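Here the structure comes first, spelled out in structure tokens, and everything after it is commentary.
Number of protein chains: 2
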Amino acid sequence: MDGIAGQAELHRTELFKGATAEILDQVLEGSEIKTYTNRQCLFRTGQLADRIFLVLEGQIQIYLRRGGKHAVLSIMGPGEAFALRAILGTGRHTGTAEAIGGCRVLEIPAPLFSRLICDPAIAIRIIHMLTTRLQALSDQVGRIQLMQTTQRLADYLLSLTPKDSDVCEVELPFEKSLIAAYLGMEPESFSRALMNLRSHGLTCEGRKVRLQSPGALKALCTEGRA
Amino acid sequence: MDGIAGQAELHRTELFKGATAEILDQVLEGSEIKTYTNRQCLFRTGQLADRIFLVLEGQIQIYLRRGGKHAVLSIMGPGEAFALRAILGTGRHTGTAEAIGGCRVLEIPAPLFSRLICDPAIAIRIIHMLTTRLQALSDQVGRIQLMQTTQRLADYLLSLTPKDSDVCEVELPFEKSLIAAYLGMEPESFSRALMNLRSHGLTCEGRKVRLQSPGALKALCTEGRA
DNA sequence: CGGACTGTTGACGTCATTCAAGATAAGTGG
DNA sequence: CCACTTATCTTGAATGACGTCAACAGTCCG
Chain A
22 MDGIAGQAEL HRTELFKGAT AEILDQVLEG SEIKTYTNRQ CLFRTGQLAD
72 RIFLVLEGQI QIYLRRGGKH AVLSIMGPGE AFALRAILGT GRHTGTAEAI
122 GGCRVLEIPA PLFSRLICDP AIAIRIIHML TTRLQALSDQ VGRIQLMQTT
172 QRLADYLLSL TPKDSDVCEV ELPFEKSLIA AYLGMEPESF SRALMNLRSH
222 GLTCEGRKVR LQSPGALKAL CTEGRA
Chain B
22 MDGIAGQAEL HRTELFKGAT AEILDQVLEG SEIKTYTNRQ CLFRTGQLAD
72 RIFLVLEGQI QIYLRRGGKH AVLSIMGPGE AFALRAILGT GRHTGTAEAI
122 GGCRVLEIPA PLFSRLICDP AIAIRIIHML TTRLQALSDQ VGRIQLMQTT
172 QRLADYLLSL TPKDSDVCEV ELPFEKSLIA AYLGMEPESF SRALMNLRSH
222 GLTCEGRKVR LQSPGALKAL CTEGRA
């Protein structure tokens, strides 16, 4: 991982998918590429926001913290951008961003970003990005409010598998405790939920999970009560 | 409430705040204004989405339903627009929208909306709107995950009062059971939470709530555990 | 006056967290 | 490469918060 990025790399991101070479140049020229190590903090709640972040490599968790508790709002992967709201709105970050493993991030200064969103094509891409995240957050609220821990985990595991797949094997993309936080439960509850799913045709070893019967899990989620 | 809206009315919405007369004409021309009565449904989960909705009068709740449970994602007021995601993404609604009391709504067909977002000024306004909603939803996740019922209610009540106000009186904007659902709790829990807050300087009668000491409530929310 | 709706209160049950300990895995230095 | 330390994960038992069920009190409207 180094501090250089080419147009090709930006072109692969959702934000700059169809952008002209001219714009990409402008972006690469005016922005900075930073690398972060595991657990390193990009920003914290309350800090002044002066740039937006575009993930090039690795993953970053955005979370809230209060009284020892930890609520993961989202996990950003390559191609995703964040901290838009802080730039456009309050001017301060309202959450904390922390690298999950090593990351490479393009950091676009606010003034440059303000110019970029005047380009209709980019603005529309941003709108798409935002609605997607809105959807993800809505799903998260739904999951937390209307499902219990075991169901939430089942739902999450299914979201990792290809649609309508039969027996299949998945590798958990993060540490279990991080997934637990993302699903709004304690690590202990996560562990127990995983245990419960054994009786619904699931086996696991380390981070490798085998779903013997995705259908049964799907039923579990849809079900009124477990 | 009737089916007519003027440019002035649109001009007051966040979306069309600075729009040209030409655009407003286009919108008024191509859209439909509908009125809904209390509890009436605008759309349900899974239905095809062919328009976006802009609230002119009244309020509308967006919620998810599963196994008898009810999770309110947001409550839209005058000037707010929704169902963007359904238009831009899946083509189907992922939640249910229901009128709270009587409502008047501008319904903009998808094709017209697609043309509108090519206008950079409108696109930027939409981006602002979306980031604001993203913030609201993030707050909601935070509230549900890291506060308990009494704290959530305190936090909500404070959000209804002017910032840094002293002793003050608020009127709950909705039925208590709706607020309860919005805060992710049962009506009974809401009632008890309200009870608990009595010892923190709160009195209430019907929907009128008096906060003797907003500071104490704020402390309650910030506090690690209640 | 009677019925439906909204909100309150109490008793009880359930699920998830909390606390504590142990097991497994991973990383470190000799 | 192995002993040792440090994280991560699992398991058990106890607590506690919230939900559930049921009954009742106001309130609104016909």
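Sequence lines, in order, name chains A and B.
Residue 44 in the numbering used here is what sits at position 23 of the first sequence, and the numbering runs on without skipping anything.
Residue 241 in the numbering used here is what sits at position 220 of the second sequence, and the numbering runs on without skipping anything.
Each residue gets a CB set at the ideal place from its N, CA and C atoms; glycine is no exception.
Just so you know, these numbers come straight off a predicted model, no measurement behind them.
Does any C-beta atom of chain A lie closer than 7 Å to the C-beta of residue 144(B)?
Answer yes: the Cβ-Cβ gap between residue 144(B) and chain A drops below 7 Å somewhere.
Under 9 Å between beta-carbons, which chain A residues line up against residue 244(B)? List them in chain order, please.
The answer, in chain order, is 88.
Using a Cβ-Cβ cut-off of 7 Å, state whether residue 75(B) counts as contacting chain A.
Chain A contact via Cβ: absent.
Does residue 284(A) have its Cβ less than 7 Å from a Cβ in chain B?
In this structure chain A extends from 22 to 247, so residue 284(A) is not present and cannot be described.
Within 10 angstroms of its Cβ, does residue 95(B) collect 16 or more other Cβ (buried), or is it exposed?
Residue 95(B) is buried by the Cβ-count criterion.
Quick check: is the beta carbon of residue 198(B) nearer than 7 Å to any beta carbon in chain A?
With 7 Å as the cut-off, residue 198(B) does not count as an interface residue toward chain A.
Starting from the beta carbon of residue 116(B), find every residue of chain A whose beta carbon is closer than 8 Å, and list them in chain order.
Under the 8 Å cutoff, chain A gives 159.
Give me the DSSP bridge partner(s) of residue 73(B).
Note: residue 73(B) sits in a beta bridge opposite 129(B).
Considering Cα atoms alone, identify which of 176(B), 160(B) and 134(B) is closest to residue 51(B).
Closest option to residue 51(B), Cα to Cα, is 134(B).
Anything in the segment 218 to 241 of chain A with a Cβ closer than 7 Å to a Cβ of chain B? List those residues in chain order, please.
From the segment 218 to 241 of chain A, no residue has a Cβ closer than 7 Å to chain B.
Please check the pair residue 109(B) and residue 155(A), which I expect to be a contact at CB under 8 Å, by giving their CB distance rounded to whole angstroms.
Residue 109(B) to residue 155(A), Cβ: 10 Å. No contact.
Is it true that the segment 173 to 186 of chain B meets the segment 98 to 116 of chain B, where meeting means three or more beta-carbon pairs spaced less than 8 Å apart?
They do not touch, by the three-pair rule.
Within 10 angstroms of the Cβ of residue 32(B), are there 16 or more other Cβ atoms? Answer buried if so, exposed if not.
With fewer than 16 Cβ atoms within 10 Å of its Cβ, residue 32(B) is classed as exposed.
Could you please tell me which residues of the segment 119 to 143 of chain A, in chain order, have their CB closer than 7 Å to any CB of chain B?
Those residues of the segment 119 to 143 of chain A that come within reach of chain B (Cβ to Cβ, closer than 7 Å) are 138, 139 and 141.
Establish whether the CB of residue 191(B) and some CB of chain A are separated by less than 7 Å.
Not closer than 7 Å to any Cβ of chain A, the Cβ of residue 191(B) fails to qualify, so no.
Under the criterion of a Cβ to heavy atom distance below 6 Å, does residue 60(A) qualify as lining the ligand MN?
The ligand content of the structure shown is nil, which means the ligand MN is not present either.
For the beta strand (DSSP E) containing residue 188(A), list its first residue and its last residue.
Looking at the DSSP string, residue 188(A) is not in any beta strand (DSSP E), and its letter there is neither H nor E.
Do residue 203(B) and residue 76(B) have their CB atoms nearer than 7 Å?
Cβ atoms of residue 203(B) and residue 76(B): not closer than 7 Å.
Where does residue 56(B) fall in DSSP's three states?
The answer is strand: DSSP assigns residue 56(B) an E or B state.
Measure how close the beta-carbons of residue 228(B) and residue 192(B) come, nearest whole angstrom, since I'm counting them as under 8 Å.
With a Cβ gap of about 5 Å, residue 228(B) and residue 192(B) count as contacting.
Just to confirm, are residue 74(B) and residue 103(B) a CB contact at a threshold of 7 Å?
Closer than 7 Å, so yes.
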